[in-house]
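S.K.:
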Amino acid sequence: DAKTTQPPSMDCAEGRAANLPCNHSTISGNEYVYWYRQIHSQGPQYIIHGLKNNETNEMASLIITEDRKSSTLILPHATLRDTAVYYCIVRPGSNFGNEKLTFGTGTRLTIIP
Amino acid sequence: EAGVTQFPSHSVIEKGQTVTLRCDPISGHDNLYWYRRVMGKEIKFLLHFVKESKQDESGMPNNRFLAERTGGTYSTLKVQPAELEDSGVYFCASSPATGRRGSATGELFFGEGSRLTVL
């Protein structure tokens, strides 16, 4: 699986949009970008995923660059409960049913009141 | 719908003892995974069951670890004998079978984890 690079930490003011970047310059054509987060003392939680088009769901938006070498997870109105470690994961889409996720170190996002 | 549940939430044992962790996946999920995070390290894949069969156990650290999923429902992960470096949080996750509703996202549903402390 392609390697991802994320900043180790970020702060964001409550109520503002949190933009979390991820570099995945070695991503291949059939690999998807996934985002998970881990809130303290809980298990990882799926947020969103995409292949090449921008995606939006009730939790977040995912913007993937045209060359697919980087992406940004956007939490539109961050709340204190969004404080967590956010993981950007790249994995092949051809083997759904074998979710051997490779977690990196992620970005520790702190929402400031 | 109940989520993935894990027992115990925290276990403290002495080096050399045995511990068994249990995971109940979401009902109907054929795929069951074990991951763990040891102190200061990243979350690492351990193994993957499809129903009762081990699909991939490439992440199991050594033969002190034994995972089972009898009947394709709940799973246990036994550590025998436990060593200090086994301390960490063990996560279980499940997902539907490929092609089933909800499987198209490739989403894993994680439990809260079982924290293991080996003294």
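Chains as they are written, first to last, in the numbering used here: chain A, 16 to 128; chain B, 163 to 281.
The beta carbon of each residue, even a glycine, is placed where N, CA and C say it ideally should be.
#1: Assign B/Q242 to buried or exposed, taking buried as 16 or more other Cβ atoms, counted over all protein chains shown, within 10 Å of its Cβ.
#2: In its own chain, which residues sit with a C-beta less than 7 angstroms from the C-beta of B/L208, not counting the 5 before and 5 after it?
#3: How would you write the range of the beta strand (DSSP E) that B/G217 sits in, first residue to last?
#4: Taking B/S189 as part of the beta strand (DSSP E), name the residues at either end of that continuous run.
#5: Nearest CA to the CA of B/T182: which residue from B/G190, B/D218, B/F271, B/F227?
#6: Starting from the Cα of A/I126, find the closest Cα among A/K115, A/Y101, A/T117 and give me that residue.
#7: Output yes or no for whether 9 angstroms exceeds the beta carbon distance between A/I54 and A/K84.
#8: Less than 9 angstroms between the C-beta atoms of B/G168 and B/N193, yes or no?
#9: Does any C-beta atom of chain B lie closer than 9 angstroms to the C-beta of A/Y61?
#10: Please list the residues of the stretch 193-219 of chain B that have a C-beta atom closer than 7 angstroms to any C-beta atom in chain A, keeping them in chain order.
#11: For the putative contact between B/K203 and B/A244, defined by C-beta atoms under 8 angstroms, what is the C-beta separation to the nearest angstrom?
#12: Would you list, in chain order, the members of the stretch 163-194 of chain B that have their beta-carbon closer than 7 angstroms to a beta-carbon of chain A?
#13: Starting from B/E230, trace the beta strand (DSSP E) in both directions and tell me its first and last residue.
#14: Taking all protein chains shown into account, do 16 or more other C-beta atoms lie within 10 angstroms of the C-beta of A/T98, making it buried, or fewer, making it exposed?
#15: Does the CB of A/Y142 have a neighbour CB from chain B at under 9 angstroms?
#16: Helix, strand or coil: which one does DSSP assign to A/D26?
#17: Which residues mark the beginning and the end of the beta strand (DSSP E) in which A/T117 is found?
#18: Output, in chain order, the set of chain A residues within a Cβ distance shorter than 8 angstroms of B/T279.
#19: Restricting to Cα atoms, I'd like to know which of B/A229, B/L246, B/S189, B/I205 is closest to B/F253.
#20: Tell me the residue span of the beta strand (DSSP E) that contains A/K84.
#21: Closest to A/K67 by CA distance: which of A/S40, A/I78, A/P36 is it?
#22: Rounded to whole angstroms, what's the CA-CA distance from B/D186 to B/E274? Just pull it up for me.
M.R.: Judging by the given coordinates:
#1: exposed
#2: W196, Y197, R198, G221, M222
#3: A small correction: the amino acid at residue 217 of chain B is Gln; Gly does not occupy that position in the sequence shown. 215-218 is the extent of the beta strand (DSSP E) around B/Q217.
#4: No beta strand (DSSP E) contains B/S189, which DSSP labels as neither H nor E.
#5: B/F227
#6: A/Y101
#7: no
#8: Per the sequence presented here, residue 168 of chain B reads as Gln, with Gly not at that position. Going by C-beta atoms, B/Q168 is not nearer than 9 angstroms to B/N193.
#9: yes
#10: N193, Y195, E204, I205, F207, H210, Q217, D218
#11: Rounded, the Cβ-Cβ distance is 17 angstroms, inconsistent with contact.
#12: N193
#13: 227-230
#14: buried
#15: Outside the modelled stretch of chain A, which goes from 16 to 128, sits residue 142 of chain A, for which no answer is possible.
#16: strand
#17: Looking at the DSSP string, A/T117 is not in any beta strand (DSSP E), and its letter there is neither H nor E.
#18: Under the 8 angstroms cutoff, chain A gives no residues; its nearest Cβ is about 14 angstroms from B/T279.
#19: B/I205
#20: Segment: none, A/K84 is in no beta strand (DSSP E) and carries neither H nor E.
#21: A/I78
#22: 11 angstroms
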